[in-house]
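The next block holds one structure in the form of structure tokens; read it before the comments.
Protein chains: 2
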Amino acid sequence: MTPLETANTFMKHIESKDVNAATALLTSDISYENMPIDPVVGRDAVRQVLEGFLAPAGEVEWKVLSEWEVGSTVINERLDRFQIADGWLELPVAGFFEVTDGLITLWRDYFDMGSYMSQFSTLAS
Amino acid sequence: MTPLETANTFMKHIESKDVNAATALLTSDISYENMPIDPVVGRDAVRQVLEGFLAPAGEVEWKVLSEWEVGSTVINERLDRFQIADGWLELPVAGFFEVTDGLITLWRDYFDMGSYMSQFSTLAS
């Protein structure tokens, strides 16, 4: 797979909430960096974070609005959507992926944590 | 200038707090989209926002950590730094610029508003 195909396949597994398939596309020393918080390092740590993150969601849809592949780097602008109770949480995200030999070594997402938290608390209440 | 040179020159003018020189590189119908909040449309509206945004800062430094130019698009990861009172506010940002004929038609920044607000209130108090 190309870097772009790897990143997009990874995100398809996220949408299926198949954390095992998703994390199989990460290197063991992956660094997963949600910019408002500390990096999560290592495939097992990322698996735990993703399981906790996806658990409250019914359906998950990550709409890729634009995407670029430059060498080993994949960049996208997304609208990450999570079905929470009877509504949808929608979060604009800018994602950066570094891919080597078909595995993601770095995943960095920029987003507004307050937008996530305020929607989550409204939908979950 | 290439799209990359245009975006970087724009940011140099921001660092100099020269809003007139910066906004001269924007089209009259520029859309400036800070993702946590509503878009600001039009060069004059952007000028007002930038003047208000830069006013509290002493020195301004926008460190470009990585940058890409793909056709008319410029993408960067930055650490935007603002000197506020006797400290520095530091904000990770992912920026996307569309450039046509040497002018920026779209500027979209992804960042965590809470990181900005909490640092600002600490430094300004």
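Here the protein sequences line up with chains A and B, keeping their order.
Going by the working numbering, the first sequence opens with residue 4, and the numbers climb by one from there.
Going by the working numbering, the second sequence opens with residue 4, and the numbers climb by one from there.
Glycine is no exception: its CB is placed at the ideal position from the N, C-alpha and C atoms.
Identify the continuous alpha helix (DSSP H) that holds residue i and give its terminal residues.
i              : result
A25 (chain B)  : 22-26
A58 (chain B)  : Run containing A58 (chain B): none; DSSP gives neither H nor E here.
G90 (chain B)  : Where G90 (chain B) is concerned, there is no enclosing alpha helix (DSSP H), although the beta strand (DSSP E) it sits in stretches over 90-103.
S128 (chain A) : First-last for S128 (chain A): undefined, no H or E at that position.
I need the boundaries of the beta strand (DSSP E) containing residue i, first residue and last residue.
i              : result
I78 (chain A)  : 76-87
E18 (chain A)  : Not the beta strand (DSSP E): E18 (chain A) falls in the alpha helix (DSSP H), residues 6-18.
D112 (chain A) : 106-113
Mark residue i as exposed unless 16 or more other C-beta atoms lie within 10 angstroms of its C-beta, in which case mark it buried.
i              : result
I33 (chain A)  : buried
T103 (chain B) : exposed
I78 (chain A)  : buried
N194 (chain B) : Summary: the structure shown does not reach residue 194 (chain B), with chain B confined to residues 4 through 128, and so no result is reported for it.
A88 (chain B)  : exposed
D47 (chain B)  : exposed
V96 (chain A)  : buried
Hey, residue i and residue j are a contact pair by Cβ (cut 8 Å); roughly how many whole angstroms apart?
i             : j              : result
V52 (chain A) : V43 (chain A)  : 5 Å
P59 (chain A) : A127 (chain A) : 7 Å
W65 (chain A) : M14 (chain A)  : 5 Å
T12 (chain A) : L28 (chain A)  : 7 Å
Determine which residues share a DSSP beta bridge with residue i and list them.
i              : result
Y119 (chain B) : According to DSSP, Y119 (chain B) bridges with nothing at all.
S69 (chain A)  : A:E80
S34 (chain A)  : A:V44, A:L109
V63 (chain B)  : B:F85
L53 (chain A)  : DSSP output for L53 (chain A) lists no bridge partner at all.
With 7 Å as the limit, tell me which residues of the region 23-53 of chain B have their beta carbon closer than that to any beta carbon of chain A; keep them in chain order. M38, P39
When you check each C-beta in the region 66-78 of chain B against every C-beta of chain A, which residues fall closer than 7 Å? W71, V73, I78
Please name the residues in the region 91-116 of chain A whose beta-carbon is closer than 8 Å to at least one beta-carbon of chain B, in chain order. P95, V96, A97, F99, R111, Y113, F114, D115, M116
Going along the chain, which residues of the region 117-128 of chain B sit with their C-beta nearer than 7 Å to a C-beta in chain A? G117, S118
May I ask you to list, following chain order, the residues of the region 4-15 of chain A that have a beta carbon less than 9 Å from some beta carbon of chain B? none
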